[in-house]
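So the protein lines, in turn, are chains P and R.
In terms of my numbering, the first sequence is residues 11 to 184.
In terms of my numbering, the second sequence is residues 500 to 708.
Think of the CB as a built atom: it goes at the ideal place given N, C-alpha and C, for glycine as much as any other residue.
For clarity, every value in this text was computed on a predicted model and none was experimentally measured.
Notes follow the structure.
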Amino acid sequence: MGGLMRTSGAPKLGAAVVIAMALGLAGCVSEAPKVASQDAPVGGGINVPAGSNEDFIVNVGRRVYFADNSAALDDTAKTTLDHQAAWLTSNTSYRIKVEGFADEKGTPQYNMQLGQKRADAVMAYLASKGISASRMKAKSFGNEPNRKVKSCDDISCWSQNRRAVTVLVTDVET
Amino acid sequence: MSLTRRQLAALAPAALIAVGGSGARAQDVDEAAYFVGMVQDNGYSYRKTNMAKIDPTWRKQLVHYLHTETPGTIVVDTKAHFLYVCFENNTALRYGVGVGKEGFKWYGRAEVDRKAVWPGWTPPPEMLQRRPELPRHMEGGPDNPLGPRAMYLYRDGHDLDYRLHGTVEPWSIGGDVSSGCIRLLPEDVIDLFQRTPIGTKVLVLEHLT
Numbered sequence: 011m012g013g014l015m016r017t018s019g020a021p022k023l024g025a026a027v028v029i030a031m032a033l034g035l036a037g038c039v040s041e042a043p044k045v046a047s048q049d050a051p052v053g054g055g056i057n058v059p060a061g062s063n064e065d066f067i068v069n070v071g072r073r074v075y076f077a078d079n080s081a082a083l084d085d086t087a088k089t090t091l092d093h094q095a096a097w098l099t100s101n102t103s104y105r106i107k108v109e110g111f112a113d114e115k116g117t118p119q120y121n122m123q124l125g126q127k128r129a130d131a132v133m134a135y136l137a138s139k140g141i142s143a144s145r146m147k148a149k150s151f152g153n154e155p156n157r158k159v160k161s162c163d164d165i166s167c168w169s170q171n172r173r174a175v176t177v178l179v180t181d182v183e184t
Numbered sequence: 500m501s502l503t504r505r506q507l508a509a510l511a512p513a514a515l516i517a518v519g520g521s522g523a524r525a526q527d528v529d530e531a532a533y534f535v536g537m538v539q540d541n542g543y544s545y546r547k548t549n550m551a552k553i554d555p556t557w558r559k560q561l562v563h564y565l566h567t568e569t570p571g572t573i574v575v576d577t578k579a580h581f582l583y584v585c586f587e588n589n590t591a592l593r594y595g596v597g598v599g600k601e602g603f604k605w606y607g608r609a610e611v612d613r614k615a616v617w618p619g620w621t622p623p624p625e626m627l628q629r630r631p632e633l634p635r636h637m638e639g640g641p642d643n644p645l646g647p648r649a650m651y652l653y654r655d656g657h658d659l660d661y662r663l664h665g666t667v668e669p670w671s672i673g674g675d676v677s678s679g680c681i682r683l684l685p686e687d688v689i690d691l692f693q694r695t696p697i698g699t700k701v702l703v704l705e706h707l708t
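See below:
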């Protein structure tokens, strides 16, 4: 995209050059839309500062997922939460907000309750791993339209929406 | 039934004939240098990857990535040897992968409908033909070439025989290899497994070779 814009905005070039560039771009688009060199790193790339928000996102993971109509933590969710607890134990300047969500099945009221149960389950588990309740808050967003990962009538969307997200909060921000 | 290390070592050279990419080639590899200690995981242990030996290109990192996928979708680029987990705002978590022969046999859209911890492995018929000494089935465990996790791709309820899995050969990340589908470092396949609920969409990009 950026390449295309730069090309069209470039000063006058020989026709052959323009054609060559256009061909090059066309090949790029049809074949490999994402070339490695276009993947500019976000933040530190592989040099993620330990104890940063990025470290939490990349090396721990903020999300746990739930089964249909359930607030039970499975082994996979517990593993992620074990990592979160360990990280929060060594990075004491952060507090967290656990956000609970539901998929689009069920009424808004029911989904709000389900999201709360999911967020509460995460908080209770983290507390059982030694994270002080005073550092944590849980909040449900149910299936609030503008908070959905994506809306569709299919498991690919439901599975992404049935989640709890652990958001880091610093004292400065509140 | 499981392979001994010796059998596995015999298997390794065949699995390592690089046909492109920049994955290390069998004859160059000082295998021991790729490992630093052991990690306990769900009743087994795997050899911890010495990240200093892995080219930074292939290490897990957050990148800018233009995409129109639902966040959480996995995109596999077999040509560039990358696997992306799409995040919001045109970013993605990118992992380096090794692509086996089976990894080039299919592309398109699919869904992760099955996940396994320390998966068993049934060598495909072509491979058994090439290497008849292989077992018909290998239980999951540290010597299993699939490594500590596997995610199985399905389309409309049918198993595509296309898998995202680990590897016991970290030097094969970033290259094309003769066996397997999409290989990730053991640490990375465990991390990916954590981020991938059943039902996750997968897009394997078209590869024109």
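*Which word fits residue 127 (chain P), buried or exposed, when buried means at least 16 other C-beta atoms lie within 10 angstroms of its C-beta?*
buried
*Quick one: is residue 562 (chain R) near chain P, going by C-beta distance under 8 Å?*
yes
*Alpha carbon to alpha carbon, how far is residue 677 (chain R) from residue 79 (chain P)? Give it in angstroms, no decimals.*
43 Å
*Closest by C-alpha distance to residue 551 (chain R), when choosing among R:680, R:569, R:670 and R:619*: Selected option, being the one with the closest Cα: R:670.
*DSSP beta-bridge partners of residue 106 (chain P)*: P:146 and P:178
*Residue environment, residue 140 (chain P), which counts as buried when at least 16 other CB atoms sit within 10 Å*: exposed
*asked:* Please return the same chain residues whose Cβ sits closer than 6 Å to the Cβ of residue 702 (chain R), not counting the five positions on each side in sequence.
replied: 574 and 608
*Thinking just about the alpha-carbon of each residue, which of P:142, P:156, P:147 and P:111 is nearest to the one in residue 76 (chain P)?*
Answer by Cα proximity: P:111.
_Alpha-carbon spacing of residue 32 (chain P) relative to residue 49 (chain P), whole angstroms_ = Because residue 32 (chain P) sits at a pLDDT of 40, beneath the cut-off of 50, its placement in the model cannot be relied upon, and the point is left open.
*Going by CA-CA distance only, name the one from R:647, R:697, R:674 and R:601 that's closest to residue 542 (chain R).*
R:647
*Residues of chain P with a CB under 7 Å from the CB of residue 698 (chain R): which are they?*
165, 166, 168 and 169
*Span of the alpha helix (DSSP H) holding residue 113 (chain P)?*
Segment: none, residue 113 (chain P) is in no alpha helix (DSSP H) and carries neither H nor E.
_Proximity below 8 Å, CB of residue 548 (chain R) to CB of residue 633 (chain R)_ = It is not a contact, given that the beta carbons lie outside the stated cut-off.
*asked:* Less than 8 Å between the beta carbons of residue 610 (chain R) and residue 653 (chain R), yes or no?
replied: Yes, the pair counts as a contact, with Cβ atoms nearer than the cut-off.
_At a CB distance below 9 Å, what residues from the region 542 to 561 of chain R approach chain P? Give them in sequence order._
550, 555, 556, 558, 559, 560 and 561
*Kindly say whether residue 110 (chain P), judged by its beta-carbon, lies nearer than 8 Å to any beta-carbon of chain R.*
By this cut-off, residue 110 (chain P) is not an interface position.
*Coarse secondary structure for residue 617 (chain R), derived from DSSP in three states*: coil
*Give the interface partners of residue 212 (chain P) over in chain R, defined as CB-CB distance under 9 Å, in chain order.*
Outside the shown range of chain P, which is 11 to 184, sits residue 212 (chain P), and nothing can be said about it.
*asked:* Check for me: the beta strand (DSSP E) holding residue 582 (chain R) runs from which residue to which?
replied: 581 to 586
_Can you tell me whether residue 693 (chain R) is buried or exposed? The criterion is at least 16 other CB atoms within 10 Å of its CB, across all chains shown._
Using a 10 angstroms sphere on the CB of residue 693 (chain R), the tally of other CB atoms reaches 16 or more, which defines it as buried.
*Could you work out which residues of chain R lie near residue 117 (chain P), taking near to mean beta carbons separated by less than 9 Å?*
Within chain R, no residue comes near residue 117 (chain P); the closest Cβ sits about 22 Å away, beyond 9 Å.
*Could you run through the region 678 to 696 of chain R and flag, in chain order, every residue whose CB is less than 9 Å away from some CB of chain P?*
689, 690, 692, 693, 694, 695 and 696
*Which residues, taken in chain order from the region 135 to 153 of chain P, show a beta carbon closer than 8 Å to some beta carbon of chain R?*
none
*asked:* Just verifying my parser: in three-state terms, what is the DSSP assignment at residue 601 (chain R)?
replied: helix
*Residue closest to residue 136 (chain P), alpha-carbon to alpha-carbon, out of P:64, P:55, P:61 and P:98*: P:98
*Tell me the DSSP bridge mates of residue 441 (chain R)?*
Residue 441 (chain R) lies beyond the stretch modelled for chain R, which goes from 500 to 708, so this question has no answer here.
_Cβ shell of residue 95 (chain P) (< 7 Å), same chain only, five flanking positions each side left out_ = 136, 139, 140 and 141
*Mind checking which residues open and close the alpha helix (DSSP H) that includes residue 96 (chain P)?*
85 to 100
*Could you spell out where the beta strand (DSSP E) holding residue 80 (chain P) opens and where it closes?*
Per DSSP, residue 80 (chain P) belongs to no beta strand (DSSP E) and is neither H nor E.
*By DSSP, does residue 633 (chain R) sit in helix, in strand, or in coil?*
coil
*Helix, strand or coil: which one does DSSP assign to residue 681 (chain R)?*
strand
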